[in-house]
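> If you're matching positions, the sequence shown starts at 64 in the working numbering and goes up one per residue.
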Amino acid sequence: ITEGTVGVENLNIRGGYCFTGSNFFRKFCPGLDLGYDSFGVLGFKNNSSLELKKVSGMVYGPSLFLQAPLISSILFEGRVGYLMGSGSGGSAELAAKKNTLFYGQGAFVMPLSEKRSWQLGALYTSRTSTLEGTKGSNTDTWENLAESLYFRFGYNFEF
């Protein structure tokens with residue numbers, strides 16, 4: 064395979080309960096993530112060649128959010144989480160025997176008003192998955208490791 068593209072989707076819902084400290088801006092929030100996750104992998108095109116494919120399925124796992132004021136108008140926000148594949152909702156041709164995703168993100172936030180803020184942050188993800196695929200009489204199992212690091216500078220508006 065020399066090149067290829069595949070579209071992936073990720074959709075997560077987070078829920079949690081926050082404990083506040085000496086002021087409202089100091090928060091510690093354990094929670095649970097539930098979602099739909101997909102990622103690109105190599106899969107069988109025919110009995111002798113590979114192509115980019117997508118594996119998708121339901122994921123769930125614990126998360127932890129922390130917010131703390133640093134200086135007068137700057138907050139630090141951090142989140143870590145661990146998502147595990149449930150084995151349901153997966154792709155037919157490629158099956159994820161194991162799918163785990165660890166993520167960690169941190170950001171410096173400067174609130175401008177109740178609903179607007181500037182943000183400078185980073186997100187790191189590490190995925191490990193064991194996949195099994197069958198095409199014709201060929202069945203193969205392989206492991207996929209993917210890591211990514213994103214940086215973000217943005218303006219947030221909540222409504």
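Positions of the beta carbon are idealized from the N, C-alpha and C atoms, including for glycine. Here the structure is a predicted model, which means the values were calculated and not measured.
What are the boundary residues of the beta strand (DSSP E) that includes Leu-113?
Indexing the sequence shown from 1 puts residue 113 at position 50. Here the beta strand (DSSP E) through Leu-113 covers 113 to 134.
> If contacts are defined as beta-carbon pairs under 8 Å, then Phe-171 and Ile-137 qualify, I think. What distance do you get, rounded to the angstrom?
As a working mapping, residue 171 is identified with position 108 in the sequence shown. As a working mapping, residue 137 is identified with position 74 in the sequence shown. Indeed they touch by this definition, with Cβ atoms about 6 Å apart.
> Look at the alpha carbon of Asn-201 and the alpha carbon of Leu-183, and state the distance between them as a whole number of angstroms.
For the purposes of this step, residue 201 is taken as the residue at position 138 of the sequence shown. For the purposes of this step, residue 183 is taken as the residue at position 120 of the sequence shown. Computed Cα separation, rounded: 48 Å.
> Tell me whether Phe-102 is buried or exposed, calling it buried when 16 or more other Cβ atoms sit within 10 Å of its Cβ.
One-based indexing of the sequence shown puts residue 102 at position 39. The residue in question, Phe-102, is buried, as its Cβ has 16 or more Cβ neighbours within 10 Å.
> Which residues bound the beta strand (DSSP E) around Asn-89?
Locating residue 89 in the sequence shown gives position 26, where the first residue counts as 1. In the sequence as presented, Asn is not what sits at residue 89; that position holds Arg. Where Arg-89 is concerned, there is no enclosing beta strand (DSSP E), given that its DSSP letter is neither H nor E.
> Starting from Ser-149, follow the beta strand (DSSP E) in both directions and report where the run begins and ends.
Within the sequence shown, the letter at position 86 stands for residue 149. Premise fails: Ser-149 is in no beta strand (DSSP E) and is neither H nor E.
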